[in-house]
Amino acid sequence: MKRKRKRPVIIPLILFLIIFSLILWSSLQFKSSDDFNYAIPKNYKGFGIDVSHHQGKINWDTLFSKPLSPTIQFVYAKATEGKDHTDREWGYNRSELIRKKIKHGAYHFFRPETNPLEQVNHFLKQYQPRETDLAPVLDVEIEAISDEVLLENMKIFLVEVEERTGKRPIIYTSFHFYRTKFKNQFEDYKFWIAAYSEPFLLPKDERILYWQFTDQGDLPYHKNVKLDLNVSRVAFD
Numbered sequence: 008m009k010r011k012r013k014r015p016v017i018i019p020l021i022l023f024l025i026i027f028s029l030i031l032w033s034s035l036q037f038k039s040s041d042d043f044n045y046a047i048p049k050n051y052k053g054f055g056i057d058v059s060h061h062q063g064k065i066n067w068d069t070l071f072s073k074p075l076s077p078t079i080q081f082v083y084a085k086a087t088e089g090k091d092h093t094d095r096e097w098g099y100n101r102s103e104l105i106r107k108k109i110k111h112g113a114y115h116f117f118r119p120e121t122n123p124l125e126q127v128n129h130f131l132k133q134y135q136p137r138e139t140d141l142a143p144v145l146d147v148e149i150e151a152i153s154d155e156v157l158l159e160n161m162k163i164f165l166v167e168v169e170e171r172t173g174k175r176p177i178i179y180t181s182f183h184f185y186r187t188k189f190k191n192q193f194e195d196y197k198f199w200i201a202a203y204s205e206p207f208l209l210p211k212d213e214r215i216l217y218w219q220f221t222d223q224g225d226l227p228y229h230k231n232v233k234l235d236l237n238v239s240r241v242a243f244d
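Letter 129 of the sequence shown, counting from 1, is numbered 136 in this note's numbering, and no numbers are missing.
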């Protein structure tokens with residue numbers, strides 16, 4: 008009679024240890040939020056959201072009617088895109104954020120092959136920065152016919168906005184674009200990076216000011232509305 012071979016236990020044990028380590032690592036780096044229905048990265052100084060017409064008409068009074076965990080400390084709202092498009096909720100969001108005295112700023116969605124000065128003119132026609140506003144943001148998600156065109160038009164936009172507002176813009180982009188296109192080109196600028204991969208933590212790069220870690224957070228008190236969630240390396244009063 009043949010002897011039954013014992014099943015090796017080493018492989019299941021290794022798998023268990025790997026899974027346990029990942030769970031432990033996640034619990035140390037993230038904290039679950041019932042309000043936003045998402046795990047929020049720990050060890051960051053600020054938490055905020057960014058909004059546009061995709062969230063529809065936000066009831067800002069309701070959103071800030073009760074304490075949230077974590078507290079929304081800053082908001083960025085889409086103002087414009089290209090040389091002639093204005094986000095349909097921009098005027099409403101801007102006036103409500105001012106009324107509620109919420110720390111906020113505006114962003115412009117960049118069209119890299121459209122005249123950058125025309126884009127600046129449109130952006131600043133729709134958005135007049137106040138001294139207390141956060142730095143304006145240039146949202147760069149689209150490639151141009153060449154990196155040279157993209158970089159040159161970005162530089163024109165960034166310099167012109169700073170000259171006309173006194174505020175140096177922040178560049179929003181993907182982690183891939185940051186690493187491959189922008190990191191060595193815009194050394195005097197801060198970045199806002201979108202990176203959703205899990206598990207993922209931003210490198211200790213002081214030029215990365217904000218991290219957009221998901222576009223699947225729940226907007227509290229608004230049924231079936233998703234939004235982007237962000238953490239910041241700087242604190243907000």
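Ideal placement from N, C-alpha and C gives every residue a C-beta, glycine not left out.
In this text, all values refer to a predicted model and were calculated from it rather than measured experimentally.
So residue i is in the beta strand (DSSP E); what residue range does that whole segment cover?
| i | result |
| --- | --- |
| glutamine 223 | 215-225 |
Between the options, which lies nearest to residue i when the distance is taken from Cα to Cα?
| i | options | result |
| --- | --- | --- |
| glutamate 125 | Pro176, Leu216, Gly89 and Asp41 | Gly89 |
| lysine 132 | Thr187, Glu120 and His115 | His115 |
| arginine 175 | Leu157, Glu194, Arg186 and Asn50 | Glu194 |
| tyrosine 228 | Tyr217, Asp42 and Thr93 | Asp42 |
| arginine 1 | Lys110, Ala201, Thr87 and Pro143 | Coverage of the chain is limited to positions 8 through 244, which leaves residue 1 absent and any answer about it impossible. |
| lysine 162 | Pro77, Phe37 and Gln192 | Gln192 |
| isoleucine 149 | His61, Trp97, Thr139 and Ile178 | Ile178 |
| lysine 211 | Phe37, Arg240 and Gly63 | Arg240 |
| glutamate 120 | Asp222, Thr221, Val156 and Lys197 | Val156 |
| serine 204 | Tyr217, Gln62 and Phe182 | Phe182 |
| aspartate 298 | Asn128, Leu145 and Lys197 | A question about residue 298 goes unanswered here, because the residues of the chain that appear run from 8 up to 244. |
| valine 58 | Tyr45, Lys49, Glu96 and Pro77 | Glu96 |
| tryptophan 67 | Tyr45, Lys107, Leu165 and Thr93 | Lys107 |
| glutamine 219 | Tyr196, Phe81 and Leu165 | Phe81 |
| tyrosine 185 | Pro143, Gly224 and Tyr217 | Tyr217 |
| isoleucine 79 | Ala202, Asp94 and Leu226 | Leu226 |
| aspartate 222 | Ile215, Ala201 and Leu209 | Ala201 |
| threonine 187 | Asn160, Ser72, Asp154 and Leu209 | Asp154 |
Regarding residue i and the ligand PLP, is the C-beta to nearest heavy atom distance less than 6 angstroms?
| i | result |
| --- | --- |
| aspartate 57 | Absence of the ligand PLP from the depicted structure is noted, as is the absence of any ligand whatsoever, leaving it without description. |
Between the alpha carbons of residue i and residue j, how many angstroms are there, rounded?
| i | j | result |
| --- | --- | --- |
| tryptophan 245 | glutamate 213 | No statement about residue 245 is possible, as the shown extent of the chain runs from 8 to 244 and does not include it. |
| glutamine 135 | glycine 173 | 12 angstroms |
| asparagine 237 | isoleucine 152 | 30 angstroms |
| leucine 75 | glycine 53 | 13 angstroms |
| lysine 189 | alanine 113 | Per the sequence presented here, residue 189 reads as phenylalanine, with lysine not at that position. Roughly 21 angstroms separates the two Cα atoms. |
| tyrosine 51 | isoleucine 105 | 25 angstroms |
| isoleucine 47 | phenylalanine 243 | 17 angstroms |
| leucine 29 | alanine 84 | Below a pLDDT of 50, predicted positions are generally treated as unreliable, and leucine 29, at 47, falls in that range; no measurement from the model is reported. |
| leucine 141 | isoleucine 109 | 11 angstroms |
| glutamate 138 | histidine 111 | 11 angstroms |
| arginine 101 | isoleucine 17 | 59 angstroms |
| lysine 38 | histidine 60 | 29 angstroms |
| glycine 63 | proline 77 | 22 angstroms |
| tryptophan 32 | lysine 233 | Interpretation of tryptophan 32 is limited by its pLDDT of 46, a score under 50 that renders its predicted location unreliable; no figure is taken from the coordinates. |
| serine 40 | threonine 180 | 25 angstroms |
| asparagine 122 | phenylalanine 164 | 9 angstroms |
| asparagine 44 | glutamate 170 | 41 angstroms |
| valine 144 | tyrosine 196 | 11 angstroms |
| glutamate 167 | aspartate 94 | 22 angstroms |
| valine 147 | proline 19 | 45 angstroms |
| glycine 55 | glutamate 103 | 16 angstroms |
| tyrosine 99 | leucine 70 | 15 angstroms |
Just list the residues that DSSP pairs residue i with in beta bridges.
| i | result |
| --- | --- |
| tyrosine 179 | Asp146 and Trp199 |
| threonine 87 | Thr93 and His115 |
| glycine 53 | Ser239 |
| valine 58 | Ala84 |
| serine 40 | Tyr45 |
| lysine 233 | Asp225 |
Taking the continuous alpha helix (DSSP H) assigned at residue i, which residues delimit it?
| i | result |
| --- | --- |
| isoleucine 47 | It is not in any alpha helix (DSSP H) - isoleucine 47 instead sits in the beta strand (DSSP E) that spans 45-48. |
| asparagine 128 | 123-133 |
| asparagine 66 | Element bounds for asparagine 66: n/a, residue is neither H nor E. |
| aspartate 154 | 154-172 |
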